[in-house]
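A short write-up of the structure that comes next.
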Amino acid sequence: MESISFKLEQFEGPLDLMLHLISQHKLDIFSVEITSVMQQYLQIIGDMQRQDMEIASSFLEMASRLVYIKTLSLLPKRQQEQEELTRELTGQLIEYSLCRQVAAVLGENYVGDRLFTHPAQLPETDTTYRRIHRLEELMRAYLSAVGRGQRKLPPSQEVFRPIVRRHVVSVSSRIAYLLQRLYAKPQIPFLQLFAEITDRSELVATFLAVLELIKDQRIQVLDDEALTVSAVYPSPAQPPLS
Amino acid sequence: MEQLRIDRRIEAILFASGAPVSCERLAQALGLTKGAVYQQLQLLEQQYDTQKTAWQLLRLEDSFQLCTRAEYAPDIKAALAITRNTPLSQAAMEVLAVISYNQPVTRAFVEQVRGVDCSAVMNSLVEKHLIEEAGRLELPGRPIAYRTTDVFLRSFGLESLEQLPAVPGREEQEQQTILEKP
Amino acid sequence: MEQLRIDRRIEAILFASGAPVSCERLAQALGLTKGAVYQQLQLLEQQYDTQKTAWQLLRLEDSFQLCTRAEYAPDIKAALAITRNTPLSQAAMEVLAVISYNQPVTRAFVEQVRGVDCSAVMNSLVEKHLIEEAGRLELPGRPIAYRTTDVFLRSFGLESLEQLPAVPGREEQEQQTILEKP
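Chains as they are written, first to last, in our numbering: chain Y, 0 to 241; chain E, -8 to 173; chain G, -8 to 173.
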């Protein structure tokens, strides 16, 4: 396998990397067999992940997009969607390569660092603003600045409270809870286990608890339509520990 | 008092303000027609060019500005100990390319074309006065639109945006996409 | 390349500097003796005077500066007054609104709300006396806080900040965040 001879930082982003791969293989961007480039891209990102190298999120985002397109190509009924997404990606690559060409032409004409303007030498004058505005203009501007939801306002301390005092749910407490429920009712539909949970931490802990219990063969998942979790006999679930 | 020459009065305003001054504003300040001012500006431009003065008259859209000629840059940099010689980064150049050809344009659009987050680059271009805000677009979320400035024109030796080099293979229809993008 | 004239090179430096430049510094930058530079400066001074250019060479101690002549001040002021009278941009109005409702407030806060660099806009609002510095906040880095001024009140026909209309959806609790924000 070809070793990684470059760093991602050299690239302006995933599109840049893909264009690099295209040019490296002397492919024509307008008729590019994009799947071969996709393959390589995924390989590079995969290699880097195996080596625990830091990968910017934009590169990972593109990787997941490529994987998705690849997945669709394996599903006969989704061919059309796959083609659309591929076309979209090709279009983006073409657009970006144009952007790069234009940037190069612009760059050649850059004289910004060689022209000097004269610093203003203005007579002492009163620069006080004198126009009169209606109050509504200010209000409209305020709403425009903060947006309707006002979500961009820096969050109040209240928002941080859940983070600071994070409600941590332990997996073991969820194991105890699950066993307790199964003790009362030996078969519970899988989804019902999560039905009343709103807290994310609790959700994750419950799921991990299920996995843990399956691994220990304390419960099993019945392959019926609803995926039912069932206590395993003859090693019956123990009564709750706590 | 002796009557001051119009060309000198125009020169004085351009010299003192440093920044580009529109033909209209010159006309208003001097109580002249735009045509008369424009004629004087053209004469000044010729005069600077034939006399090879250290400064030149730049036209930026409808505005005019005095600035030094590029060949004096080494002397100026030496005398004023200017080290800000850092050329624009590739990223900055790409962002400028997208904005200049599509303006007014949102950050989201620039990011879509480049496939990466551009907020830091765009902020630094705003700081360098190469781009500026151009109000908000009537799209969901009312995003801020950006456009290039007269500093941009000056920095790339352009008189107006119409002088931007043609994009290879770019078609009319692509100009339209600006309005449709999310 | 054609040899550049020494007087032009001196003019370029003085033009770009705006501020006084010492004879010594000019000599160093141009690789000439102070005497040679001084001679050129004298020639330039004479030339400006006989040609009655819009600018003159000012001598301050051992330094030299290009300045417009006093008789052009009315023209310059007239042009400047027109600039001053241009209405606030959308960006300026938004920054002003954010400050008025959240004062005293740092630049970082305004930028966080708007998601863009606002330094140029804020500087111009300070210049217009619509906002002013209000000391430093007891936060990391001790950032400068800003508040609106009397000019602001006058521009919007307010007698006091208490007359600022309530913004729909804005809650009490958000009023509080000003003091707590990072």
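Cβ atoms here follow ideal geometry from the backbone N, Cα and C, with glycine treated the same way.
Proximity of residue i and residue j at Cβ, strictly below 8 Å
i, j, result
"residue 53 of chain E", "residue 31 of chain E", "no"
"residue 139 of chain G", "residue 94 of chain G", "yes"
"residue 88 of chain G", "residue 128 of chain Y", "no"
"residue 98 of chain E", "residue 14 of chain Y", "no"
"residue 70 of chain G", "residue 17 of chain E", "yes"
"residue 21 of chain Y", "residue 89 of chain Y", "no"
"residue 212 of chain Y", "residue 174 of chain Y", "yes"
"residue 3 of chain E", "residue 39 of chain G", "no"
"residue 7 of chain Y", "residue 55 of chain Y", "yes"
"residue 0 of chain E", "residue 21 of chain E", "yes"
"residue 92 of chain Y", "residue 80 of chain Y", "no"
"residue 42 of chain E", "residue 60 of chain E", "no"
"residue 137 of chain Y", "residue 147 of chain G", "yes"
"residue 100 of chain E", "residue 57 of chain E", "no"
"residue 157 of chain E", "residue 96 of chain E", "no"
"residue 118 of chain E", "residue 13 of chain G", "no"
"residue 204 of chain Y", "residue 168 of chain Y", "yes"
"residue 79 of chain E", "residue 109 of chain Y", "yes"
"residue 127 of chain E", "residue 81 of chain G", "yes"
"residue 159 of chain E", "residue 97 of chain Y", "yes"
Test: residue i CB closer than 8 Å to a CB of chain Y
i, result
"residue 88 of chain G", "yes"
"residue 26 of chain E", "no"
"residue 39 of chain G", "no"
"residue 50 of chain E", "no"
"residue 92 of chain E", "yes"
"residue 146 of chain G", "yes"
"residue 84 of chain G", "yes"
"residue 104 of chain E", "yes"
"residue 122 of chain E", "no"
"residue 133 of chain E", "yes"
"residue 167 of chain E", "Confidence is the limiting factor: at residue 167 of chain E the pLDDT is only 46, short of 50, which leaves the residue's position unreliable, though a coordinate-based value still follows. It does not: the Cβ of residue 167 of chain E has no partner Cβ on chain Y nearer than 8 Å."
"residue 108 of chain E", "yes"
Residue i - partner residues in DSSP beta bridges
i, result
"residue 54 of chain E", "E:13 and E:51"
"residue 138 of chain G", "G:123"
"residue 229 of chain Y", "Y:186 and Y:219"
"residue 89 of chain Y", "None; residue 89 of chain Y has no bridge partner."
"residue 96 of chain G", "G:137"
"residue 205 of chain Y", "Answer is none; residue 205 of chain Y lacks a bridge partner."
"residue 24 of chain E", "Beta-bridge pairing links residue 24 of chain E to no other residue."
"residue 59 of chain G", "G:46"
"residue 116 of chain Y", "E:58"
Neighbour flag for residue i against chain E, beta carbons, 8 Å
i, result
"residue 70 of chain G", "yes"
"residue 51 of chain Y", "no"
"residue 64 of chain Y", "no"
"residue 171 of chain G", "Bear in mind that the predicted position of residue 171 of chain G carries a pLDDT of just 45, short of 50, making it too unreliable to give a figure here."
"residue 0 of chain G", "yes"
"residue 20 of chain Y", "no"
"residue 27 of chain Y", "no"
"residue 29 of chain G", "no"
"residue 193 of chain Y", "no"
"residue 112 of chain Y", "yes"
"residue 53 of chain G", "no"
C-beta neighbour in chain G for residue i, strict 8 Å
i, result
"residue 122 of chain Y", "yes"
"residue 130 of chain Y", "yes"
"residue 145 of chain Y", "yes"
"residue 126 of chain E", "yes"
"residue 129 of chain E", "no"
"residue 138 of chain Y", "yes"
"residue 118 of chain Y", "yes"
"residue 176 of chain Y", "no"
"residue 150 of chain Y", "Caution is warranted here: a pLDDT of 47 is assigned to residue 150 of chain Y, below 50, making its placement in the model unreliable, and no coordinate value can be reported."
"residue 162 of chain Y", "With a pLDDT of only 47 at residue 162 of chain Y, under 50, the local geometry of the prediction cannot be trusted, and the value read off the model is given with reservation. False, the Cβ-Cβ gap to chain G never drops below 8 Å."
"residue 227 of chain Y", "no"
"residue 67 of chain Y", "no"
Rounded Cβ spacing between residue i and residue j (contact assumed at less than 8 Å)
i, j, result
"residue 107 of chain G", "residue 114 of chain E", "7 Å"
"residue 220 of chain Y", "residue 192 of chain Y", "Between residue 192 of chain Y and residue 220 of chain Y the Cβ distance is about 11 Å, and since that is not below 8 Å, they are no contact."
"residue 91 of chain G", "residue -5 of chain G", "Wrong, their Cβ atoms sit about 53 Å apart, outside the cutoff."
"residue 85 of chain E", "residue 102 of chain Y", "5 Å"
"residue 37 of chain Y", "residue 69 of chain Y", "7 Å"
Beta carbon proximity, residue i to chain A, threshold 8 Å
i, result
"residue 36 of chain G", "Absence of chain A from the displayed structure is noted, the protein chains being Y, E and G."
Interface residues of the segment 85 to 100 of chain Y facing chain G [CB-CB below 7 Å]: none
Chain G contacts made by the segment 5 to 23 of chain E, where a contact means CB separation under 8 Å: 6, 7, 8, 9, 12, 16, 17, 19, 20 and 21
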